[in-house]
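The opening position of the sequence shown corresponds to residue 1205 in the numbering used here, with each subsequent residue numbered one higher.
This report refers to the structure that appears directly beneath it.
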Amino acid sequence: MGLLSLPPADARQDNVLRILTYNTYFDRLDEPAITLPFFINANYDLMGFQEVETLQSLDNRGRRYQRLLEQAGLGHFSALGDSAVQTPLPARFGNLMLADGTLYYDIDLQQQVISALNGITLDDGVRTLLASVIQNGVPLSEALGQLLDKPRSLVNLVNVLSALRTHQVPLANVMMNLPYAVLEHGVVDTPLLFGSPHLSSQDDSSFRLNQVQLLNAVAHATPLPIVLAGDFNAGEYAERGLFSVDAQVQLFNRYIQNPDSSPAQFYRTLLEQYAQSRKLLNALIDRGQALNDVEGAWIAALFRAENYPVDGNLPRTMNLLRQRYQLFIHDEEREPFAPHTLNDGSATWPSVMDDNARRGWGAWSRGQVDYIVVSRPFAKWFSLADDASDPYSGIMQLAFNPMDSTYRINDAYFAIDGTPMNGQRVVASDYVSASDHALVAHTLRYTGPALRLAGDGRLALIWGPEAANYTPQSPLFLLTRNNHRNDMYLGNLADVQGEPLPLLAQRPEVIKQTPLSCAWRNDAHIGAAVSRYCLDDHRMIGNVRVTGDAVLLVDDGEAMGRQPKVGLARRSTLVLATSTPDNFHLASLNHAGNLWLSAATAGNQLIVDGDYLSDDGLLGFGVNAPGADLRSDSLTLNGPSSGNIRVAITSSEGLGQQADAIALISLAGESQATFALAQRTVAAAYDYRLAEQADDGLGQGRRRYWLTNLAEDGHSTLVRPESQGYLANLAAANTLFLPRWQEMVYPHAARSAASSMWLRQNGGYRYYRDSSGQLDTRGYRYAVQLGGEVTQWQDDHGDYRLGVMGGYGTSHSMSRNRLSQRQAVASLDSYTAGVYVAYSRDPLGLQGLYFNGALQYVWGDNRVQGEQLSAQRYNSRGFLASIEGGYAWRYAINVTHTLALTPQIQLAHMGVKGKDVTEAAGTRIRDDSNGGMYARAGIRAAWQIDMASGNTLTPFAELGYQHQPAFALMMDNATVEQGTVSNTLQVSVGIRGHIDGDLGFSAQLNGQVGEQRYRDGTASLQIAYRF
C-alpha cells in the first residue's frame, strides 16, 4: 500500500493538540522510513525530536525522511543541533541558540555588534539597553531578564540573536539549541510557541541547571504559551532515576574500573550516600575488585533500594524547570516511590528493547526523562484530554518489523495502515526498537480565554463569544493566578537555584512524598515556596476585554496583569472576586457593561490612571461593616473621565450599623462623568443616596461621591418606609380579633336550654405619623368572626356561658417617607380560633357585675414590599389573651325606658409575633415587641327602649381611654418602633336591638384620636341568634 493511499487522518478538534516527543533511533535504523506509517496513523499535531544529528545533511537518510514526512502531509520540519520540531499546522519556524557566559565579551567585537543591531528592528530602548552592556558584557540569561519588561520581548530576542548569527558575532558557551514553531491562533485559541529541547546527559546536574535557567528565561520573556516536548535527561522524582541495589552495584563497579576518571569523584560521592556502612564501602574500594553475584552478603550489607533520592540524586533540574513550567502527565504514569522495573509503564529511558544500554551509564538508572511541559502562567489553561482507547497516546514502546513494515506499540501489533493485528500470529523477535527512549504523547486541550498578541508586545485576553471555549450556557470564567497544579510533591519545593528547601530536607520522606497543595500555608517558609510554584505571573497581560454576555471573575489585584487596559462591552460583567481586599490598577477603562468591585468581601480599590469612558456602565460597590470594622470598595479616577455611570450597592452587610457617610468615588482628574444610583439602596432601617461633594484635598475643582443615609438637609436620617409596613402588619395581627363583651354576648331573659351563635364584622381605617415626622402611614382593615356558646347555664348568682369562635381578617397599609418620597405597602391575611367564657349577674346585662375572658390562637400570612425592592413574605403566629369586666347601674326612667351606666375595663396580652425575615439586600428583620399589654378603660351609657311588640332597641355611647403597646422591630441592629401614640381618646356610638327575643343585632361606630395626627375609625356590625 502506498503512503499517499493510506486512510486520511481524523479531523482535528478546535483547541486540541496531539503532541509527541520522540528521542529517535535513526542512526541505528537501516531505513528510518519504516516509521512513517506510525506517524501517519497517529495524526500528531506537534512533534518534537531529539538526537537527530543525521537530519542536518542534505544527502543523508534523515533529510530523505524529512521529504517523506512532507509528502505524507505531516508538515514542515525544522532542526537545530540535535533537536527538531515538525507540525502539519500553519506555523512560522525558527531557532534559538541559547548561550550563557558573556554575550559581548570582546572589545574588538563592539563595532561588529553595533552593525548587527543597526540592521534590525528594536523598540522601547532595547537598542540602548543592548548597546550599554557591550562595554562590560552580561550573561545572556541576564540580558533576557532585562528584555522582559520591554515590549515585544520575544521579537526583540529572536531578532537580536538572528542578527548576531548573520554577522557571525561569536556567542560564548552555546548551551542549548531550541528549534521552535509559532502557531498563530486558529487551531488553538491562542498563539503558541512549540519547541523541542534536549538537555545534557551529564551525570552531574550543574550543566542541566544552566540550561533550565535559559529555558526559564525564555518563558519569562515570552508573552505567549510555550509548549516543550523533549528529552530533559532528568526525572521528576529523582534526577537520574531511583537506584535499585543492582544499579548501585553497577555504579560501584563503574567506579572501580577507573577511579581516576573525570566522573569518578561524582561516583564516589554517590556511593558514600548510598552505602549503609562507610567502613565497608571503603574496605571494598581498597580491595579494588568489582562486586559480583557471589558476594551477595556484602551487597546486602552495603546497599538498600533507593525509595527517596539521596542528596546527589535529588531532582534539581525538574524542580527548577517547574518554577516556570508545569508537567502534563497522568497519575498512573508518574514515577513510583521505588526503583523502576522493566516495562513498568512509567520509565521512558531506556526503551524496553534497549534496556541493556543503561549499563553503559554508571550514574544512571531507569527513569522517566521525557516530558511534555507548558509554560506558566498558561499551563493552568491546558488540560490532558487523552482518549483511553487511543493506542497512540501515553508512554509507548515503539518497535518495527523491517520485513513486513508492521509495527508494535507496547504489546499491540499494527499493520502498515494502522489496522490492529491482535488476531494474527506475530513473532515478537522479528521486531526491532525504533527509539532510544520510550515515546511520550499526550492530547492537550486549551480551556482558557482567547489570547491575542497586542501591538505593545503584551497579550490581549478576551472572554466572550470571540473565545472558542465560551458558550452561552457557561458564560463564566475565573481569571486567577493560582494554577492549582498537581504535578509536584512537597519534596519538589526548591529555591530559585533548584535546591530543595532546607526545612523540607529535615522532614520525613512521607511528608516529602505528599502531593503539593496550592492551599498549603501551614509553614511560612514552605508557604513562600508554594507561592513561587503556584501563583503565576500575569504581567504579560496588557489588555482585558469582556464581551457579549460573558462574566469574568478576577480573584486578585494582579490577575489581569500589570496596569492593563480593560474594556467591558454591553451586557458583559467583570467581577473583582477577591477573598480579601486588594488593589486593582488599570491603565484605562472603557466601561459599557457591569463592573462589580467585590463579590463577597468588600474593601477592593480600583484605580484608573488613564482614560475612563463609560457608556451607561453599571458600577457595583460592596460595603461591609461587620462589628466595628467598616470596609467599602472604592474607585479612584486619576485621569480624565466622562460618560454616565450607574452605581449599585451589591452588598451592604452591617451598613446600617455604622457611618452615615461612606466615600466611594474620588475624581482626581478632569471629569465630565455623572454618577447616580441605579437602584434604591437600603440597609437596616435606612435609605441611602449618592451625594456629591467638592474635595479640595484632591485638588481644586476635584470631587468625591459619598454613600449617605442623611437627607439633603444634612441632619435627618432617612428612615425606610418598609419599617412601618412590618410594624403595621404586626399591630394588625394583634388587634384585628380583639374581643368585646358587648359584641360577643347578647343579653336575654333566662332560658335554661338556650344557646346562641353570633357573627361579628368590622372594618376600620387608621392614619398616623411616626415620631421622626418622616413617615406617614395609612391603613385599612376588615375582620369577620363567628362564634357561639357550646353551653350555658344560670343559677341564683347569674348567667354563665362557654363558647368557641373563629375568624378571618385582612389588613392593608401604605407608608410613605415625606423626605425621600419612597413608599412601601404591607398586607396581612390572618386567621384565628379560640374559646371564651362570660358571666353576667343580670341575664339582660343591664345591672350588676359582668366579665368575660378569651384565649385565641392567631396565625397569618404577611407581605411587605418596598419601592424598587422585592416583596418579603413571612408568617406570623401567637396567642391573644384578654379579660374584660364592668359593673352596670340600672335606672328605670319609666315603664318602657331604662338607662344603664357601665364603667368597664379591659386588659389584653398581645403575643402574636412575626417570623424573622432576611431581605434580599441582607437586612435581618426581627420582632422586638416581646409581647405587649393592651388596656382600655371607660364608661358606657345605654338607653334601652322596650317596644310593645316585645322587641328592644338600645342606643348607646362610650367614652374611654386606650393604651396600646409599643410594637418594635430590630432591623439588623437598629431598633424601630411603630411610632403611634400609646394613649388615645376613644369615642363610640351605636345601637343594639333584639327582635322576637331570639335575633339580635348591633351596629357601632368607633373613633380614636391622639397626638402626632393619630386618627383611627372603625365601623362594626354584629348579628346573633339564640335557639
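Quick reminder that beta carbons are idealized off the backbone N, C-alpha and C, glycines included.
For this session: Locate the beta strand (DSSP E) running through P2107, then write down its first and last residues.
Result: H2101 to M2114
Exercise. Across which residues does DSSP place I1162 in a beta bridge pair?
Worked result: Residue 1162 lies beyond the residue range present for the chain, which begins at 1205 and ends at 2231; the question has no answer from this structure.
Exercise. Does the distance from the C-beta atom of H1544 to that of R1570 stay below 8 angstroms?
Worked result: yes
Problem set entry | Opening and closing residue of the alpha helix (DSSP H) in which V1256 lies | Looking at the DSSP string, V1256 is not in any alpha helix (DSSP H), and its letter there is neither H nor E.
For this session: Work out the CA separation of R1538 and D1699 for me, nearest whole Å.
Result: 23 angstroms
Exercise. So, helix, strand or coil for V1449, using DSSP?
Worked result: helix
For this session: Would you mind working out which of V1289, L2103, A1616 and L1859 sits nearest G1826, comparing C-alpha positions?
Result: L1859
Exercise. Across which residues does DSSP place F1941 in a beta bridge pair?
Worked result: BP columns for F1941 are empty, so no partner.
For this session: Could you tell me which residues DSSP pairs with Q1876 in its beta bridges?
Result: S1846
Problem set entry | Contact belief for W1667 with V1750 at Cβ below 8 angstroms, rounded distance in angstroms | 5 angstroms
Exercise. What's the gap between the Cα of D1353 and the Cα of R1662?
Worked result: With a pLDDT of 47 at D1353, under the threshold of 50, the modelled position of this residue cannot be trusted, and the question is left open.
Exercise. What is the C-beta distance between G2164 and R2140, in whole angstroms, given that I count them as a contact (C-beta under 8 angstroms)?
Worked result: 6 angstroms
Exercise. Taking Cβ positions, are W2063 and R2081 nearer each other than 8 angstroms?
Worked result: yes
Exercise. Which word fits P1294, buried or exposed, when buried means at least 16 other C-beta atoms lie within 10 angstroms of its C-beta?
Worked result: exposed
Exercise. Beta-carbon separation of P1401 and S1287 under 8 angstroms?
Worked result: yes
Exercise. How many angstroms separate the CA atom of L2103 from the CA atom of T2188?
Worked result: 27 angstroms
Problem set entry | Span separating the alpha-carbon of T2222 from that of G2002 | 32 angstroms
Exercise. Helix or strand or just coil, what does DSSP make of D1497?
Worked result: helix
Problem set entry | Every unbroken beta strand (DSSP E) within the region 1537-1598, with a cutoff of 3 residues, ordered by chain | 1574-1579 and 1586-1588
Problem set entry | Own chain, CB closer than 7 angstroms to P1768, minus 5 neighbours either side, in chain order | I1745, G1746, N1747, V1748, L1790 and A1791
For this session: Identify whether Q1454 lies in helix, strand or coil by the three-state DSSP scheme.
Result: helix
Problem set entry | Close beta carbons around A1542, own chain, < 7 angstroms, minus the five adjacent residues each side | L1446, A1509 and N1511
Exercise. So what does T1912 bridge to, in DSSP terms?
Worked result: A1865 and R1893
Problem set entry | Straight-line Cα distance separating E2181 from A1829 | 24 angstroms
Exercise. Exposed or buried, what is Q1701 when buried is set at 16 or more other beta-carbons lying within 10 Å of its beta-carbon?
Worked result: exposed
Problem set entry | Cβ neighbour criterion (16 or more within 10 Å) applied to N1848 | exposed
For this session: Apply the 10 Å Cβ neighbour rule to G1516 and answer buried if 16 or more other Cβ atoms are within range, or exposed otherwise.
Result: buried
Problem set entry | Buried or exposed (CB count within 10 angstroms, at least 16 for buried), D1574 | buried
Exercise. Is it right to say V1994 is buried, meaning 16 or more other beta carbons lie within 10 angstroms of its own, or is it exposed?
Worked result: exposed
For this session: Could you tell me the boundaries of the beta strand (DSSP E) in which D1200 lies?
Result: This structure leaves residue 1200 out entirely; the chain is present only between 1205 and 2231.
For this session: Quick one: measure Cβ to Cβ for Q2166 and Q2216, integer angstroms, because I've assumed they're closer than 8 angstroms.
Result: At roughly 15 angstroms, the Cβ-Cβ gap does not stay under 8 angstroms, so Q2166 and Q2216 are not in contact.
Problem set entry | Pairwise C-alpha distance: V1220 and S1609 | 30 angstroms
Problem set entry | Buried versus exposed, by CB contacts within 10 Å (16 or more), S1593 | exposed
For this session: Can you give me the Cβ contacts of D1558 inside the same chain, cut-off strictly under 6 angstroms, excluding the 5 residues immediately before and after it?
Result: S1637
Exercise. What do you get for S1261, buried or exposed, if any count of 16 or more other CB atoms within 10 angstroms of its CB means buried?
Worked result: Annotation note: pLDDT 45 at S1261 (below 50); position unreliable, no value reported.
Exercise. Apart from the five residues just before and just after A1664, which ones in its own chain have a Cβ nearer than 6 angstroms to its Cβ?
Worked result: R1656, A1658 and N1747
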